[in-house]
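Numbering (the numbering used here), first residue to last: 800 to 927.
Glycine residues also receive a C-beta, built at the ideal position from the N, C-alpha and C atoms.
Reading through the structure tokens given below for one structure.
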Amino acid sequence: MKPKIAISIGDLNGIGIEIALSSHIEISKLCKPIYCIDQKMLKQASELLNIPIPDNMNTVPLNKNFKIKPQKISKKSGSYSFLSFKTAVNLAKSSKADAVLTLPIHKKAWEKAGINYVGHTDALRDIF
Numbered sequence: 800m801k802p803k804i805a806i807s808i809g810d811l812n813g814i815g816i817e818i819a820l821s822s823h824i825e826i827s828k829l830c831k832p833i834y835c836i837d838q839k840m841l842k843q844a845s846e847l848l849n850i851p852i853p854d855n856m857n858t859v860p861l862n863k864n865f866k867i868k869p870q871k872i873s874k875k876s877g878s879y880s881f882l883s884f885k886t887a888v889n890l891a892k893s894s895k896a897d898a899v900l901t902l903p904i905h906k907k908a909w910e911k912a913g914i915n916y917v918g919h920t921d922a923l924r925d926i927f
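Below, the structure is given as structure tokens:
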């Protein structure tokens with residue numbers, strides 16, 4: 800049985816979503832990925848990148864949306880990436896996922912969003 804991996808989508812203004820969309824088919828051969836991203840945001844990113852959304856891309860809604868602005872450091876993208884991260888961690892803590900994988904964030908975006916962590920490692924240290 801393949802492990803279920805909760806994937807924190809990273810900063811949607813950055814490269815994380817491109818990595819997720821481009822590598823999904825290969826990743827799906829190894830595990831059952833659960834992407835922590837809203838369908839609306841996934842569609843917006845897919846259209847911006849001109850990369851189709853795979854049919855079997857399993858997502859968990861965050862109930863938050865914003866306009867993606869590629870290569871821009873923003874409070875909204877930082878807040879979204881932190882919410883995605885917290886959702887992935889909660890999936891693992893509740894045993895709905897076997898592990899967490901984090902896609903790249905922008906630490907400055909987390910800072911702009913008022914997140915009191917420098918990055919994933921600091922947050923994971925406190926959570927676990």
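Can you give the Cα-Cα distance for L841 and L820, rounded to whole angstroms?
L841 and L820: Cα-Cα distance of roughly 9 Å.
Going straight from the alpha carbon of I914 to that of D921, what length do you get?
Distance between the alpha carbons of I914 and D921: 11 Å.
Could you pull out every residue in the same chain whose Cβ sits closer than 6 Å to the Cβ of A912, ignoring the five residues on either side in sequence?
Closer than 6 Å at Cβ, skipping near neighbours: K874, G877, S878.
Using the Cα positions of L902 and Q843, report the straight-line distance between them to the nearest angstrom.
So the alpha carbons of these two residues sit roughly 18 Å apart.
Hey, would you say K803 sits closer than 8 Å to K831, going by beta carbons?
Against a cut-off of 8 Å, the Cβ pair of K831 and K803 comes out as a contact.
In terms of residue numbering, what span does the beta strand (DSSP E) encompassing V899 cover?
That run of the beta strand (DSSP E) goes 898 to 901.
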